Amino acid sequence: MLRTCMTTAMVGCLLVALLNAQPPGPAAPVAPAAIMVAPAAAPGVTAAPVPLLLRIPEPYAPRDYGNLVGMPGFSGTSLSNHFTLYQGYVKNVNLLQSNLRTLLAGAQETTPPYAEQKRRLGWEFNGMRLHEYYFDNLGGTGVMATNTPLYAQLCADFGSYDSWKRDFTGTGKMRGIGWAVLYYDPFGGRLMNMWINEHDANHIAGGVPLLVLDVFEHAYLTDYQLDRAAYLNAFFGNINWDVVTARFSL
Ligand SMILES: [Fe+2]
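Under the numbering used here, the first residue of the sequence shown carries the number 773, and numbering increases by one thereafter.
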């Protein structure tokens, strides 16, 4: 009995510690506005309210990025095609989610179709979400304020802004299709430029994407053919650093 009580207490302490644990540096990204609900409680037991995230209803609707049309260095044709590709990812995420729910309801969760669609979901989902990060961090002036915590962290971690930029653009010029992402690792308290192969390989667990660059060929072939460097130059000229800086301060 004593052992049972001690084990329960230890588990309780561990849970409290985990719930209270905070990584160093800027706080981890916060959830959207939350509502409080009281879960069902056993008779005679008073249940404490628990937060339930405000959920976006499914099917998920693609976001409108028409505000980006007219950006210097990005033709309307290129952007229009890119928006269509993004909408395809949203469509497939909704389809896979629906299919998986249907298979689960039919007790098909150990079948190859379930496994393959579950495997595919991460690729489609990140294809959708990374495009949203990318479009959201465009439409700006490309000028980064030097009096921000993010600028200071870039300098601290890379030596200078120019050194960080060389590392980021070098990442973006790597052979292959994928993404260059400036991540903040809240556990290590450091910024990292990462190459993401396709949509789903090489992300860092727990990392907060701050600046996202699409280097799939569809992002630049229309306007720049094989000149990826010219595309990166156009990208940097349109970065919305206010958005990027806000992601770091969440
Ligand atoms: Fe793309």
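We put the beta carbon where it would ideally sit given N, CA and C, even for glycine. Because the structure is a prediction, the values reported are computed rather than measured.
Checking the sheet assignment: what are the DSSP bridge partners for residue i?
| i | result |
| --- | --- |
| GLY950 | ASN969 |
| VAL980 | TYR956 |
| ARG962 | ASP957 |
| ILE1011 | LEU910 |
| ASP986 | TRP951 |
Should residue i be labelled buried (16 or more other beta-carbon atoms within 10 Å of its own) or exposed?
| i | result |
| --- | --- |
| VAL953 | buried |
| ARG1019 | buried |
| ARG938 | exposed |
| GLN997 | exposed |
| ALA806 | The pLDDT assigned to ALA806 is 35, lower than 50, so where the model puts this residue is not dependable, and the model offers no usable value. |
| LEU1004 | buried |
| ASN898 | buried |
| SER850 | buried |
| VAL841 | exposed |
| LEU876 | exposed |
| MET946 | exposed |
| TYR858 | buried |
| TYR933 | exposed |
| LEU971 | Here the sequence assigns His to residue 971, which means Leu is not the residue at that position. Buried: at least 16 other Cβ atoms inside 10 Å. |
| HIS990 | exposed |
| ASN909 | buried |
Who are the Cβ neighbours of residue i in its own chain at under 7 Å, not counting the five residues just before and after it?
| i | result |
| --- | --- |
| LEU868 | GLN889, ARG892, LEU893, GLU896 |
| GLY944 | ALA952, LEU985, VAL987, LEU1004 |
| SER1023 | Because the chain here runs from 773 to 1022, residue 1023 falls outside it and cannot be looked at. |
| GLU904 | ARG835 |
| ASN969 | GLY948, GLY950 |
| ASN974 | MET966, TRP967, ILE968 |
| GLU830 | ASN866, GLN869 |
With a threshold of 6 Å on Cβ separation, who are the neighbours of residue i within its own chain once the five nearest residues in sequence on each side are excluded?
| i | result |
| --- | --- |
| ALA793 | Low per-residue confidence applies at ALA793: pLDDT is 37, beneath 50, and the placement is therefore not dependable, though the value from the model is reported in the following sentence. So no residue of the chain qualifies. |
| ASN965 | ASP939, PHE940, THR943, LEU954 |
| LEU982 | LEU954, TYR956, VAL1016, ARG1019, PHE1020 |
| TYR920 | The sequence shown places Thr at residue 920, rather than the Tyr named in the question. Closer than 6 Å at Cβ, skipping near neighbours: THR1017. |
| ASN871 | GLN889 |
Might you give, ordered along the chain, the residues of its own chain that have their beta carbon closer than 8 Å to the beta carbon of residue i, omitting 5 neighbours on each side?
| i | result |
| --- | --- |
| ALA917 | TYR923, TRP1013, THR1017 |
| GLY914 | PHE1008, GLY1009, ASN1010, ILE1011, TRP1013 |
| ASP999 | TYR992 |
| GLY911 | ASN839, LEU840, MET843, ASN1010, ASN1012 |
Report yes or no: is there a C-beta of chain B within less than 8 Å of the C-beta of residue i?
| i | result |
| --- | --- |
| GLU904 | Absent from the structure: chain B. Only one protein chain is present. |
Notebook entry, point to check: For ligand 1, which residues have a Cβ under 6 Å from at least one heavy atom, in chain order?
Noted result: HIS854, LEU857, HIS903, ASP986, PHE988, HIS990, ALA991
Checklist line | In chain order, each alpha helix (DSSP H) run of at least 4 residues that lies wholly inside the stretch 898-946 | finding: 921-930, 933-944
Notebook entry, point to check: Which runs of the alpha helix (DSSP H) spanning at least 4 residues fall entirely within the stretch 848-896, listed in chain order?
Noted result: 848-877
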